[in-house]
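Chemist: Numbering (my numbering), first residue to last: 77 to 464.
Structure below; questions to follow.
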Ligand code: NZQ
Ligand code: ZN
């Protein structure tokens, strides 16, 4: 096990009707906030009215900025920064999913910074300050409600890049599983794929003696695999939605990564796809991850065989661990198919004409991944493996 420091200061408020506490929670930080949300799902579901009522009851004034798109855009973030400066706003309340939260985090680091906020995403400047952010989560997926990351797409150049700093971990995150009842089936499935990917990025490590976190990862994966089909069958199944929602946070608050060196190659490889083609991140991961697994499993077959047995109940073939490992990868693909996700670029409706360009962009800052270090040629081969 590696040395580690673990601190996750986000206050989690979990359960039915908890969005009614948003005013009181926010009031601890500010009397006036930017209320940031997406394309309208919160208005359709009635959540918007409840959040506004709670803010008003607590005496919190707000300015609104809506219209965050999935794969959030830099242009709206710049609007948000100007709005906060103009109205002297010092707190951002994100009501939505990973895209809204990541957009809020970008505004939070942009307001106190004199230069262009994109500098941070290009690693041209170091983040020293951020406004506090609070969250009401509506989709379990990205894990941004407690993570130190924000992923943004620059409208010019379709470049998707991320930042990471503890300064942007939200102050609080309100998680009411009932808010996810209105999720379309495809978004539920994309969210599940992202959660699974966040666990697997940590699980596939070359670090030895990580038994506790191996088991935590495996049980988180098994939970998502068990409950996602139930939520798809019955979207208002509270028990299923609650298991998935909590798994989504646990998958990415980094408890599962303690003492390990995560891989993260599949995320980097996927970001080039959703950056250019604007597909849901989770769907992109369902395509990339199995291809990555096939490309790297021979580096340590035992880890992949163990995953197959403990996560997918594949019967261990002690004579032929490679067969066991490959069976685990096939089970993952079958699962993604069974919940309506693509597992090839063709199924994702992404062409193969820009694979070279994507591989080059992905490895612009050097090799990606840790389980196996991947250079441009490796990444290109993974895109090719994913293509059919
Ligand atoms: O915009 P609205 O109308 O709200 O609709 C959204 C959006 O179309 C809809 N939706 C959300 N909650 C709903 C709902 N529809 C009905 N009922 C509800 N309760 O779902 C769509 C997708 O929302 P989005 O926020 O894009 O989803 P997700 O949470 O998957 O976020 C994806 C983004 O997060 C980034 C991804 O790259 C992507 O840009 N990630 C962020 C991470 C982080 N900050 O730590 C880590 C992840 O690996 C990921 O990269
Ligand atoms: Zn992800």
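For every residue, glycine included, the Cβ atom is placed at its ideal position computed from N, Cα and C.
Using a strict less-than 6 Å threshold between each residue's beta carbon and the heavy atoms of the ligand ZN, what residues do you get?
Modeler: Any residue whose Cβ sits closer than 6 Å to a heavy atom of the ligand ZN makes the list: 218, 270, 273, 274, 343 and 357.
Chemist: Going by C-alpha to C-alpha distance, which of 128, 284, 216 and 278 sits closest to residue 254?
Modeler: The shortest C-alpha separation from residue 254 is found at 216.
Chemist: Between 457, 402, 366 and 141, which lies nearest to residue 413 when the distance is taken from Cα to Cα?
Modeler: If we check each option's Cα against that of residue 413, 366 comes out closest.
Chemist: Can you list, in chain order, the stretches of the alpha helix (DSSP H) that have 4 or more residues and sit fully within the region 313–353?
Modeler: The region 313–353 contains these whole alpha helix (DSSP H) runs: 314–326 and 341–353.
Chemist: Within 7 Å: the Cβ of residue 438 and any heavy atom of the ligand NZQ?
Modeler: Result no, Cβ not under 7 Å from the ligand NZQ.
Chemist: Check each candidate in 188, 149 and 145 and name the one with the smallest Cα separation from residue 162.
Modeler: The option with the nearest alpha carbon to residue 162 is 188.
Chemist: Grouping DSSP H, G and I as helix and E and B as strand, with all else coil, what is residue 450?
Modeler: The answer is strand: DSSP assigns residue 450 an E or B state.
Chemist: Would you grab the beta carbon distance between residue 227 and residue 347 for me? Rounded to a whole angstrom, and I think it's under 8 Å.
Modeler: Contact flag correct, Cβ pair sits at about 7 Å.
Chemist: For a test of the three-state rule: what should DSSP assign to residue 413, helix, strand or coil?
Modeler: The answer is helix: DSSP assigns residue 413 an H, G or I state.
Chemist: Would you call the region 453–462 and the region 291–300 touching, i.e. three or more CB-CB distances under 8 Å?
Modeler: Flag = no, the region 453–462 and the region 291–300 do not touch.
Chemist: Run through DSSP, which three-state label would residue 117 get?
Modeler: Helix.
Chemist: Can you determine whether any heavy atom of the ligand NZQ sits closer than 7 Å to the C-beta of residue 311, and answer yes or no?
Modeler: Not under cutoff, so the answer is no.
Chemist: What's the C-alpha gap between residue 171 and residue 408?
Modeler: Spanning the two alpha carbons is a distance of roughly 32 Å.
Chemist: Can we count residue 339 as close to the ligand NZQ, meaning its CB is less than 7 Å from some heavy atom?
Modeler: Outside the cutoff, so no.
Chemist: Go ahead and pull the three-state DSSP assignment for residue 203.
Modeler: Three-state result, residue 203: coil.
Chemist: Return the CA-CA distance between residue 126 and residue 191, expressed in angstroms with no decimal places.
Modeler: Near 37 Å, if we compare the C-alpha coordinates of residue 191 and residue 126.
Chemist: How would you label residue 288, buried or exposed, when you count the other beta carbons within 10 angstroms and need 16 or more for buried?
Modeler: It counts as exposed.
Chemist: Reducing DSSP to helix, strand and coil, say where residue 431 ends up.
Modeler: Three-state DSSP puts residue 431 in a helix.
Chemist: Starting from the C-beta of residue 160, find all residues in its chain whose C-beta is less than 6 Å away, skip the five residues before and the five after it, and write them out in chain order.
Modeler: Excluding residues within five positions, the ones whose Cβ falls inside 6 Å are 110 and 187.
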